[in-house]
Amino acid sequence: MSNTLQHIEVIPTGGALGAEIKGVDVSQSFSPAVSAAVHQALLDHCVLYFRNQHISDEDQVRFTRYFGEPVPHVRKQQDRRVKEIFIISNVKENGEAIGALGNA
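Under our numbering, the residues of the sequence shown are numbered 422 to 525, in order.
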């Protein structure tokens, strides 16, 4: 992946919403043109997914900044290594919910 505008591919899921984005490595910085293309894809499809990405917490926070400044969630959460990341999950570890939806 080269994170250039000519390598971006937006593939609609065929459902009511959602698209896969190919040609973007979210662990790397990219140009304003690529940022604008990804943002437009989000506006057009409401949900985006990027397959086979290997990103750190810091990469994820940096990526979200292309859409605006992240706001830390006010709810207390176990194991918040990065305050901008809020885990939404119904998975439990050692009997404790690891994220929101823990009662689902």
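Just so it is clear, CB atoms sit at the ideal spot from N, CA and C, and this is done for glycine as well.
Source: prediction; values computed, not measured.
Beta strand (DSSP E) containing residue i: first to last residue?
i, result
"residue 440", "440 to 443"
"residue 430", "430 to 433"
For residue i, which of helix, strand or coil comes out of DSSP?
i, result
"residue 517", "strand"
Fill in: Entirely enclosed alpha helix (DSSP H) segments - the stretch 451 to 493, minimum 4 residues
Runs found: 453 to 466 and 478 to 485.
Worksheet item: Are the stretch 458 to 471 and the stretch 502 to 512 touching by the rule of at least three beta carbon pairs closer than 8 angstroms?
Response: They do not touch, by the three-pair rule.
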